[in-house]
Amino acid sequence: MGWFSFMFLSVILRPFHFRATFALVDSIRPLESISDGRTLVSSDGTFQLGFFTPSSSKNRYLGIWYKNIRVQTVVWVANRCNPINDSSGTLTINDRGNLVLLSQKKTVVWSTSTLIQAQKPLVQLLDNGNLVLRDEKDKSSENYLWQSFDYPSDSFLSGMKIGWDLRRNFTRRLSAWKSFDDPCNGDFTYGVELDARLHTYPEIVMRIGSVKFYRAGAWNGITFSGAPELRPNPVYDYRFVYSDDEVYYTYNLKNKSLISRIVLNQTTRLRQRLVWMETERIWRPYNTLPRDQCDSYGLCGANGNCMMTETPVCQCLKGFKPKSQEKWNSMDWSDGCVRNSPLSCHDKEKDGFVKFSNLKLPDAEHSWVNKSMNLEECRAKCSNNCSCMAYTNSDIRGKGSGCIIWFGDLLDIRHFHSTGQDIYVRMLASEIEKARDDRKLKIPAIVIPVVVGAGMILVGLYVCRRRYLHETIEKKRKSESQEEDLDLPFFDLPTISTATNSFSENNKLGEGGFGPVYRGTLEREQEIAVKRLSKYSGQGVNEFKNEVKFIAKLQHRNLVKLLGYCIDGEEKLLIYEYMPNKSLDSFIFDQKQGKLLQWPKRFQILWGIARGLLYLHHDSRLRIIHRDLKASNILLDREMNPKISDFGLARSFGGDQIEGSTNRVVGTYGYMAPEYAFEGLFSIKSDVFSFGVLALEIISGKKSRGFTYEKPGLTLIGHAWKLMKDGKAAEIIDMCLRDSCDNIEEVLRCINVGLLCVQQSPDDRPNMSTVVLMLSGERVLPQPKPPAYFTETDTKEGYYSSSSQLLSSSTCDTSKSVFEAQ
């Protein structure tokens, strides 16, 4: 794909144009030559061999391309780094039976080298795009003297083998074009690596120069442990062969009418499977590598585990700790992790193995494989070698077979949600006990009576304390709705007043729709944030009680933690953990502050928000719809981890209920789903819509509310969707992010996900579990349908024509009642 310039990476490609037309000739040519202006065509008319000049270059090359695709696409080049500088060239067969490419001056530009001389050589372009040289007298269909499939360029075609011929000590690997108009080998390569002498396990690896860039993980008999996208599909079958003679990966298209290829791109550093869409006349990505941050080789260092579902993504394996805690805290994971306790290898009773599941297996560079051993024999082999750090089956089919063992540090591990493989890691016996204790707490029988007795005392104290608090609060409540026990620590008003310096303006952090928020410090130097509900805020006792009730029962790293509350007459206060970096909107909508949040951090914030919503919708004890997700309700802690806050408008459901309706529509204009704003219908898909808007804001640095694009007056949502349809989605990316977007595919995927979330119909929007998988790259992304609120005119007319009982809309980014639904 190195010959393309991208208009939009994931949707449409701008091709270069050839400056030559060719007459057609038969697919099989004997000794006569092919010269400039003539071509060789496969029997089915799919591929064409001839001379071409790419784009603005003046150089001439011999290559193969798809004949009937108007976006002419070269898949193989003979003289990649040795172009013809004059106006013509000739391909012929010399007297030794080799193909020879001659310049106009009859100098040899390129040639094949065959071990056996053909008595009657034939050159043929096969229907799969393979240019072959064979002896006409040899009737074997695949007994080629030479074939272009042995010398691939940047394209991996159906039927081609990527890997090793161990009999000839010969390897086939892809290498990208240097640039869109220079087909010479770039330093971005893709191939199978192994050391047959050391019996290391073969793996598919992408490199930039000599540095590993991506690794697919060991083949386990079904797929590669680090490639969840490689699974049964309607497009192609695949096969990995590992024998004494050959080690290779290949695929075959299921439908011969389908045009698909795998290609490397030097500029974007992506390996993509592309499918030709004739109706749209574009190459559409089917899957892409690397998929996400965790696909970056060795991101988490030695013994580190990359987990896209965690924040930060790098975690040490259980039983290990960061080698440099300071670097780790600053998100520099290059030093990796070391063991909590050193191994006692020579004392076998002190060492054992802990099973880790759903992992991409470690780098096999320092491995050993035996395909005939079973798992128990593999364990024994590893246990008897002090250098062996882990083992597993090499083939997981059936009950499992074969043995891989690893020596030294375990590198380039990642965790998958439901795929990956089991691996057994060597661990000190004491660490194994800790792991067991994490799974099942063992309490000696002698302790049980003591625990029971202590529990009864604690229950008694708890009941007494609750009764005291209830009686204290009861005296101060002036509403019957204040009778409910809120099951959280109670703070008296003087304590909070002292902590906030009597609610000083100097301590004020900001103000939302329901009142101001103050910074405070308790006696033990604990920093807090105090939300003081205004009498006129619109959030009454019911909303207050609602927020306390919900947050008290929610525990997740991406939800703000409520420490307590206070009710004193008309005063209603919520005490939260203090977030030193305030809210997300103060960064992404500020040109100066926005530079502090480069793309990797913004992606982690977006990922954290998605995980928090997933917890609310599916994993919490209460199924909760937030109903007011927006940038100002995302707080950031010291490490810039996101915390969803403000549950005053949240609603909970029981069982499998996922939707409801209301006569009182509340929320924030610009984030509200159309079915909620116009009809009072809310569901988990309402939050998904808000998340989609928030995703587009994080990427663009522009507010959804008030955004207008002069021509044709598009909203932020409409602007993003139109850019995607035009193949220019990258143009929406915030200018201050451009230099930090090393993985442009990741940004484009997030734009795509955002647009999927804001589709007009709730049924078309994904749920948050699917969103999380799509963000991690574990799902192929569909194309979004037209979104809601496409133009500013549509938005305004939609709001004002949907109800005659419009009450108010917010003039600032605060939560308000919008209208009473009919």
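So for the sequence shown, the numbering used here puts the first residue at 1416; every next one is plus one. Where a beta carbon is used, it is the ideal one built from N, C-alpha and C, also for glycine.
Spatial neighbours of residue 2147 within its chain, please: CB distance less than 6 Å, with the 5 preceding and 5 following residues excluded, ordered by chain position.
By 1-based counting over the sequence shown, the position of residue 2147 is 732. So the list reads 2115, 2135 and 2138, once near-sequence residues are dropped.
Taking just the CA atoms, how far does residue 2189 sit from residue 1567?
On the sequence shown, residue 1567 is found 152 positions in, with the first residue counted as 1. On the sequence shown, residue 2189 is found 774 positions in, with the first residue counted as 1. Taking the straight line joining both Cα atoms gives about 32 Å.
Would residue 1845 be called buried (16 or more neighbouring beta carbons within 10 Å of its own) or exposed?
Locating residue 1845 in the sequence shown gives position 430, counting from the first residue. Residue 1845 comes out exposed.
So, are the CB atoms of residue 1618 and residue 1805 less than 8 Å apart?
Within the sequence shown, residue 1618 is the residue found at index 203, counting from 1. Within the sequence shown, residue 1805 is the residue found at index 390, counting from 1. Contact: no.
Taking DSSP as the reference, what is the three-state secondary structure of residue 2118?
In the sequence shown, the residue the question calls residue 2118 occupies position 703. Residue 2118: coil per DSSP, three-state reduction.
Nearest by alpha-carbon distance to residue 2170: which of 1561, 2130 and 1986 is it?
In the sequence shown, the residue the question calls residue 2170 occupies position 755. Ranking the options by Cα distance to residue 2170, first place goes to 2130.
Between which two residues does the alpha helix (DSSP H) harbouring residue 1771 extend?
The residue you call residue 1771 lines up with position 356 of the sequence shown. Taken as a continuous stretch (DSSP letters only), residue 1771 belongs to no alpha helix (DSSP H), being part of the beta strand (DSSP E) at 1766 to 1775.
Could you check if residue 2041 is buried or exposed, using at least 16 other CB atoms within 10 Å of its CB as the buried criterion?
Mapped onto the sequence shown, residue 2041 falls at position 626. So residue 2041 counts as buried.
To which residues of the same chain is residue 2103 closer than 6 Å at the C-beta, ignoring the five residues directly before and after it?
Here residue 2103 corresponds to residue number 688 of the sequence shown, with the count starting at 1. Once the five neighbours on either side are set aside, the close Cβ partners of residue 2103 are 2172 and 2180.
Just the Cα atoms here: how many angstroms apart are residue 1592 and residue 1601?
By one-based count along the sequence shown, residue 1592 stands at place 177. By one-based count along the sequence shown, residue 1601 stands at place 186. Those two C-alpha atoms are separated by around 5 Å.
Kindly indicate the opening and closing residues of the beta strand (DSSP E) around residue 1474.
Numbered from 1 along the sequence shown, position 59 holds the residue referred to as residue 1474. Careful: residue 1474 lies outside any beta strand (DSSP E) and carries neither H nor E.
Rounded straight-line distance, which links the Cα of residue 1606 to that of residue 1621:
If you number the sequence shown from 1, residue 1621 lands on position 206. If you number the sequence shown from 1, residue 1606 lands on position 191. Those two C-alpha atoms are separated by around 7 Å.
For residue 1990, which of 1944, 2002, 2038 and 2012 has the nearest alpha-carbon?
Here residue 1990 refers to the residue found at position 575 when the sequence shown is read from its first residue. Considering only alpha carbons, the answer is 1944.
As a quick exercise: from 1721, 1608 and 1535, pick the residue whose alpha carbon is nearest that of residue 1831.
As a working mapping, residue 1831 is identified with position 416 in the sequence shown. It is 1721.
Answer with buried or exposed for residue 1530, where buried requires no fewer than 16 other C-beta atoms within 10 angstroms of its C-beta.
For the purposes of this step, residue 1530 is taken as the residue at position 115 of the sequence shown. Counting Cβ neighbours within 10 Å, residue 1530 comes out exposed, since fewer than 16 surround it.
Sheet register partners of residue 1491 (DSSP bridge):
For the purposes of this step, residue 1491 is taken as residue 76 along the sequence shown, with counting starting at 1. Note: residue 1491 sits in a beta bridge opposite 1479.
Can you tell me whether residue 2060 is helix, strand or coil according to DSSP?
The residue labelled residue 2060 in the question sits at position 645 within the sequence shown. In the structure shown, residue 2060 sits in coil (DSSP, three-state: anything other than H, G, I, E or B).
According to DSSP, is residue 1793 helix, strand or coil?
As a working note, residue 1793 is residue 378 in the sequence shown. Of the three classes helix, strand and coil, the one that applies to residue 1793 here is helix, per DSSP.
Tell me the DSSP secondary structure of residue 2089 in three-state form.
Within the sequence shown, the letter at position 674 stands for residue 2089. Helix at residue 2089.
N- and C-terminal bounds of the beta strand (DSSP E) containing residue 1585:
Taking the first residue of the sequence shown as position 1, residue 1585 is located at position 170. Residues 1585 to 1587.
Cβ neighbours of residue 2025 in the same chain (closer than 8 Å, five flanking residues each side left out)
Here residue 2025 corresponds to residue number 610 of the sequence shown, with the count starting at 1. Counting only Cβ-Cβ distances below 8 Å, and skipping sequence neighbours, we find 2106, 2183, 2186, 2187 and 2190.
Scan the stretch 1513 to 1586 and note each continuous beta strand (DSSP E) run of 3 residues or more that stays entirely inside, going in chain order.
1514 to 1518, 1523 to 1526, 1536 to 1540, 1546 to 1550 and 1577 to 1580
Please name the residue in 1755, 1494 and 1738 whose C-alpha comes closest to that of residue 1563.
Position 148 of the sequence shown, counted from the first residue, corresponds to residue 1563. Checked all of 1755, 1494 and 1738; the closest Cα to residue 1563 is 1494.
Considering residue 2167, what are the terminal residues of the alpha helix (DSSP H) in which it resides?
Here the question's residue 2167 lines up with position 752 in the sequence shown. Segment 2159 to 2172, the alpha helix (DSSP H) holding residue 2167.
Determine, using beta carbons only, whether residue 1650 and residue 1685 come nearer to each other than 8 Å.
Counting from one through the sequence shown, the residue named residue 1650 turns up at place 235. Counting from one through the sequence shown, the residue named residue 1685 turns up at place 270. Not in contact: residue 1650 and residue 1685 (Cβ atoms no closer than 8 Å).
Can you tell me which of the three DSSP states residue 2106 falls into?
For the purposes of this step, residue 2106 is taken as residue 691 along the sequence shown, with counting starting at 1. Helix.
Cβ shell of residue 1815 (< 7 Å), same chain only, five flanking positions each side left out:
The count along the sequence shown starts at 1 and reaches residue 1815 at position 400. Cβ within range, chain order: 1790 and 1808.
Compute the beta-carbon to beta-carbon distance between residue 1467 and residue 1478, rounded to the nearest angstrom, for a pair I have assumed lies under 8 Å.
Stepping through the sequence shown from its first residue, residue 1467 is reached at position 52. Stepping through the sequence shown from its first residue, residue 1478 is reached at position 63. Indeed, because the Cβ distance is near 6 Å, the residues count as touching under 8 Å.
Looking at C-alpha atoms only, which residue of 1655, 1472 and 1565 is the closest neighbour of residue 1594?
Mapped onto the sequence shown, residue 1594 falls at position 179. Nearest option by C-alpha distance: 1472.
Rounded straight-line distance, which links the Cα of residue 1739 to that of residue 2194
Looking up residue 2194 in the sequence shown gives position 779. Looking up residue 1739 in the sequence shown gives position 324. Cα-Cα distance, rounded: 35 Å.
Apply the 10 Å Cβ neighbour rule to residue 2032 and answer buried if 16 or more other Cβ atoms are within range, or exposed otherwise.
Reading the sequence shown from its first residue, position 617 is the one you call residue 2032. Answer is buried; the Cβ neighbour count reaches 16.
Between the alpha carbons of residue 1818 and residue 1724, how many angstroms are there, rounded?
Locating residue 1818 in the sequence shown gives position 403, counting from the first residue. Locating residue 1724 in the sequence shown gives position 309, counting from the first residue. So the two alpha carbons sit approximately 30 Å from each other.
Burial state of residue 2018, where buried means 16 or more other Cβ atoms lie within 10 Å:
Numbered from 1 along the sequence shown, position 603 holds the residue referred to as residue 2018. Burial call: buried.
Hey, quick one: how far does the alpha helix (DSSP H) through residue 1743 stretch, first residue to last?
As a position in the sequence shown, residue 1743 is number 328, starting the count at 1. Start and end: 1740 to 1744.
How far does the beta strand (DSSP E) with residue 1467 in it reach, from first residue to last?
Reading the sequence shown from its first residue, position 52 is the one you call residue 1467. That run of the beta strand (DSSP E) goes 1462 to 1467.
Please identify the residue among 1544, 2155 and 1533 whose C-alpha is closest to the C-alpha of residue 1464.
For this step, residue 1464 is matched to residue 49 along the sequence shown. Out of 1544, 2155 and 1533, 1544 has the C-alpha closest to the C-alpha of residue 1464.
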